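Reading the sequence shown from the start, the letters are residues 72 to 453 in my numbering.
Heads up, the beta-carbon is just placed ideally off N, CA and C, and yes, glycines get one too.
Every value quoted in this text rests on a predicted model; they were computed, and no experiment measured them.
These notes are about the structure you will find just below.
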Amino acid sequence: MKKKVLGALLSVAMVATLLVGCGGNDAAPATTEAPAAEAPAADAAAPADTAATGSGKKVGVAMPTQSSERWINDGANMKAQLEALGYEVDLQYAEDDVQMQVSQIENMIASGVNCLVIASIDSGALVNVEAQAKEAGIPIIAYDRLLMDTDAVSYYATFDNKGVGTAIGKYIEEKKDLANTSETFTIEFFMGSPDDNNAHMLYDGLMEVLQPYLDNGTLICKSGRTSFDDTCILRWSQETAQQNCENYLTGFYADEDLDICATAFDGFAYGCKAALEGAGYTEANWPLITGQDAELMATKNIISGKQTMSIYKDTRLLAEKCVTMVQAVLEGAEPEINDTEQYDNGKIVVPSYLCTPVAVDKDNYEEIIVEGGYYTAEQLAE
Ligand code: BGC
72 MKKKVLGALL SVAMVATLLV GCGGNDAAPA TTEAPAAEAP AADAAAPADT
122 AATGSGKKVG VAMPTQSSER WINDGANMKA QLEALGYEVD LQYAEDDVQM
172 QVSQIENMIA SGVNCLVIAS IDSGALVNVE AQAKEAGIPI IAYDRLLMDT
222 DAVSYYATFD NKGVGTAIGK YIEEKKDLAN TSETFTIEFF MGSPDDNNAH
272 MLYDGLMEVL QPYLDNGTLI CKSGRTSFDD TCILRWSQET AQQNCENYLT
322 GFYADEDLDI CATAFDGFAY GCKAALEGAG YTEANWPLIT GQDAELMATK
372 NIISGKQTMS IYKDTRLLAE KCVTMVQAVL EGAEPEINDT EQYDNGKIVV
422 PSYLCTPVAV DKDNYEEIIV EGGYYTAEQL AE
């Protein structure tokens, strides 16, 4: 951190050659440090006040990737909860390969599923296969990520995605006391995939809080990269985040420390951590690093001080809400909806249920994550 004196005047143009932006690294899936085996146990409990009515019906669940722990939890929770209600489940992961996901959904349709639950890789790339499902009379529920440009989707279960960004922004604002401080802080941004509507909403929520501090000079982004287009990372790639962070550190932070890594995903936080360690950062000058998902490894990093916070999203709750939507379209039940305005996919406004994201850090992880039964103290101590 520095006193408010020097403006960061390094050439913005040079960074374009240093950085891999949204368009780069198309094929590389994000990887995480957390092996699948360490994921929390799936919650097999059926949602409250529902009867086991699913017998004979089959639900296709299309998930984006197993390279990130959260989706492994999502898939496991969905499968367990649907099976507890008597549904047959075809759970598929597409390893961030858009064409593979299209083929998986086509196969699900051909195999006669009664309902599709889709967490997309590229939310606009499934329009044709969604139309096929509609023609075959198969309802679709969008899971966590909105399905764009289609009228074939019935409901959407997600977290308050703008709220995720706002929570990250407010955390930074509070921890650095941005509203009152006379200091300035350097910051760099690592935003989500441009083909994921959630990434745009997160950015909007984050900037609603932080833009005033960039405008008044309390926050200084030395790379000059603050727009969504300049900071988004295709397919949420951890490697690209690390590469971008390395390039920022080399290009702009030779003489001054980077104080804040505002990242939209735990995988990005791992990438920043690796870049910072490589650049010789230690406990003495370690920046504030944000994340999303409260993955097991991220939570361990929070405990050890290598990540400052994450956004806890209880995937058990999300699965529970999504299952009520499956029941609604298959059994005529009423799903709980709490948003009928925000999620316009370009064709229709999709009735949605938004779960509440919660910021977790060293001070509250025990209460929220351990006492909430998401990870055990033993898992975190391993
Ligand atoms: C989800 C996030 C997740 C990200 C990367 C987003 O669509 O909402 O929770 O961190 O994808 O997998």
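Item to check | Short Cβ contact (8 Å threshold) for A333 with I243 | outcome: The sequence position of residue 333 within the sequence shown is 262, counting from 1. The sequence position of residue 243 within the sequence shown is 172, counting from 1. At the C-beta level, A333 and I243 come within 8 Å of one another.
Checklist entry - Given G92, which residues of its chain have a CB within under 6 Å of its CB, disregarding the five upstream and five downstream residues? => result For the purposes of this step, residue 92 is taken as the residue at position 21 of the sequence shown. Because G92 sits at a pLDDT of 44, beneath the cut-off of 50, its placement in the model cannot be relied upon, and the following sentence gives the value as read from the coordinates. Cβ within range, chain order: n/a, list empty.
Next on the checklist: Report the CB separation of M179 from L162 in whole angstroms; it is logged as a contact under 8 Å.
Outcome noted: As a working mapping, residue 179 is identified with position 108 in the sequence shown. As a working mapping, residue 162 is identified with position 91 in the sequence shown. The Cβ separation is near 10 Å, so there is no contact.
Next on the checklist: Could you give the first and the last residue of the continuous beta strand (DSSP E) run that contains F336?
Outcome noted: By one-based count along the sequence shown, residue 336 stands at place 265. Per DSSP, F336 lies in no beta strand (DSSP E) and is assigned neither H nor E.
Next on the checklist: Please state whether the Cβ-Cβ distance between L197 and T257 is less than 8 Å.
Outcome noted: For this step, residue 197 is matched to residue 126 along the sequence shown. For this step, residue 257 is matched to residue 186 along the sequence shown. One thing to note: L197 has its Cβ no nearer than 8 Å to the Cβ of T257.
Item to check | Alpha carbon of D97 to alpha carbon of Q175, nearest angstrom | outcome: Position 26 of the sequence shown, counted from the start, is the residue given in the question as residue 97. Position 104 of the sequence shown, counted from the start, is the residue given in the question as residue 175. Any reading at D97 must be qualified, since the residue scores a pLDDT of 35, below 50, and its modelled position is unreliable; no value is offered.
Checklist entry - If you drop the 5 nearest sequence neighbours on each side, which residues of the same chain put their C-beta closer than 8 Å to that of M171? => result The residue given as residue 171 occupies position 100 in the sequence shown. Same-chain partners within the cutoff: A165.
Checklist entry - When the Cα of A151 is compared with those of L389, D231, E407, which residue comes out closest? => result To locate residue 151, count along the sequence shown from 1; it is residue 80. Nearest of L389, D231, E407 to A151, Cα basis: L389.
Checklist entry - Any contact of the stretch 314-323 with the stretch 332-350, i.e. 3+ C-beta pairs under 8 Å? => result Verdict: yes, contact present.
Item to check | DSSP state of A101 mapped onto helix, strand, coil | outcome: Position 30 of the sequence shown, counted from the start, is the residue given in the question as residue 101. Interpretation of A101 is limited by its pLDDT of 33, a score under 50 that renders its predicted location unreliable; no figure is taken from the coordinates.
Checklist entry - Among T297, F230, P283, V200, which one has its Cα closest to the Cα of I423? => result In the sequence shown, the residue the question calls residue 423 occupies position 352. Correcting the residue type first, residue 423 is Ser in the shown sequence and not Ile. For the residues T297, F230, P283, V200, the minimum Cα distance to S423 belongs to F230.
Checklist entry - Per DSSP, which one or two residues make a beta bridge with C493? => result What is shown of the chain runs 72 to 453, which leaves residue 493 out entirely.
Checklist entry - Which residues bound the beta strand (DSSP E) around M134? => result The count along the sequence shown starts at 1 and reaches residue 134 at position 63. For M134, the enclosing beta strand (DSSP E) starts and ends at 129-134.
Checklist entry - Helix, strand or coil: which one does DSSP assign to A369? => result Position 298 of the sequence shown, counted from the first residue, corresponds to residue 369. A369: helix per DSSP, three-state reduction.
Item to check | C-beta atoms of G240 and M272 nearer than 8 Å | outcome: The residue given as residue 240 occupies position 169 in the sequence shown. The residue given as residue 272 occupies position 201 in the sequence shown. No, Cβ-Cβ distance for G240 and M272 is not below 8 Å.
Checklist entry - Shortest alpha-carbon distance to S375 belongs to which of Q203, D326, A452, T302? => result Within the sequence shown, the letter at position 304 stands for residue 375. Of Q203, D326, A452, T302, the residue nearest in Cα terms is A452.
Next on the checklist: Quick check on DSSP: helix, strand or coil for M179?
Outcome noted: Here the question's residue 179 lines up with position 108 in the sequence shown. In the three-state DSSP reduction, M179 falls in the helix class (H, G or I).
Checklist entry - Among Y274, S253, D248, T221, which residue has its Cα nearest to the Cα of E259? => result The residue labelled residue 259 in the question sits at position 188 within the sequence shown. Of the residues Y274, S253, D248, T221, the one whose Cα lies closest to the Cα of E259 is Y274.
Next on the checklist: Contact criterion: CB-CB distance below 8 Å. Does G295 meet it with respect to chain C?
Outcome noted: The displayed structure is made up of one protein chain only, and chain C is not part of it.
Checklist entry - For the alpha helix (DSSP H) that Y445 lies in, which residues bound it at each end? => result Numbered from 1 along the sequence shown, position 374 holds the residue referred to as residue 445. First-last for Y445: undefined, no H or E at that position.
Checklist entry - Helix, strand or coil: how does DSSP classify V160 here? => result As a first step, residue 160 must be located in the sequence shown, where it is residue number 89. V160 falls in the strand class under three-state DSSP.
Checklist entry - Whole alpha helix (DSSP H) runs in the stretch 301-358 with 4 or more residues, listed along the chain? => result Qualifying alpha helix (DSSP H) stretches, in chain order: 309-323, 337-349.
Checklist entry - Curious, which full-length beta strand (DSSP E) runs of at least 3 residues does the stretch 242-289 contain? => result Counting whole runs of 3 or more residues, the stretch 242-289 contains the beta strand (DSSP E) stretches 254-261.
Next on the checklist: What does the alpha-carbon distance come out to for the pair S126 and E159?
Outcome noted: As a position in the sequence shown, residue 126 is number 55, starting the count at 1. As a position in the sequence shown, residue 159 is number 88, starting the count at 1. Using only the alpha carbons, I get a separation of about 7 Å.
Checklist entry - Using the C-alpha atoms, what's the distance from A430 back to G147? => result Along the sequence shown, one-based indexing puts residue 147 at 76. Along the sequence shown, one-based indexing puts residue 430 at 359. The residue asked about is misnamed: residue 147 is Ala in this sequence, not Gly. Going from the Cα of A147 to the Cα of A430 covers about 24 Å.
Item to check | Residue of D286, G322, P265 minimising C-alpha distance to D301 | outcome: By one-based count along the sequence shown, residue 301 stands at place 230. Measuring from the Cα of D301, the nearest candidate turns out to be P265.
Checklist entry - Cβ atoms of L249 and T297: under 8 Å apart, would you say? => result Looking up residue 297 in the sequence shown gives position 226. Looking up residue 249 in the sequence shown gives position 178. Against a cut-off of 8 Å, the Cβ pair of L249 and T297 comes out as no contact.
Item to check | Identity of the residues DSSP links to A224 by a beta bridge | outcome: On the sequence shown, position 153 is the one that residue 224 refers to. Going by the sequence as given, residue 224 is Val instead of Ala. In DSSP, V224 forms a bridge with I211.
Checklist entry - So what does DSSP say about L217, is it helix, strand or coil? => result For this step, residue 217 is matched to residue 146 along the sequence shown. Residue state, collapsed to three classes: coil.
Checklist entry - Would you report the Cα separation of V188 and D286, rounded to the nearest angstrom? => result Translated into the one-based positions of the sequence shown, residue 188 becomes position 117. Translated into the one-based positions of the sequence shown, residue 286 becomes position 215. Their Cα atoms are separated by approximately 42 Å.
Checklist entry - Taking the DSSP output, what are the residues bridged to L187? => result Translated into positions along the sequence shown, residue 187 becomes position 116. The partner list for L187 (beta bridge, DSSP) reads G131, I211.
Item to check | Selected residue, minimal CA-CA separation from N144, among T386, P428, K247 | outcome: On the sequence shown, residue 144 is found 73 positions in, with the first residue counted as 1. Nearest to N144 by C-alpha distance, out of T386, P428, K247, is T386.
Checklist entry - Rounded to a whole number of angstroms, what is the C-alpha to C-alpha distance between S138 and N269? => result Here residue 138 corresponds to residue number 67 of the sequence shown, with the count starting at 1. Here residue 269 corresponds to residue number 198 of the sequence shown, with the count starting at 1. In this structure, the CA atom of S138 is about 19 Å from the CA atom of N269.
Item to check | Residue nearest to T395 in terms of C-alpha spacing, selected from L156, K128, K129, R141 | outcome: By one-based count along the sequence shown, residue 395 stands at place 324. Here the closest residue by C-alpha is L156.
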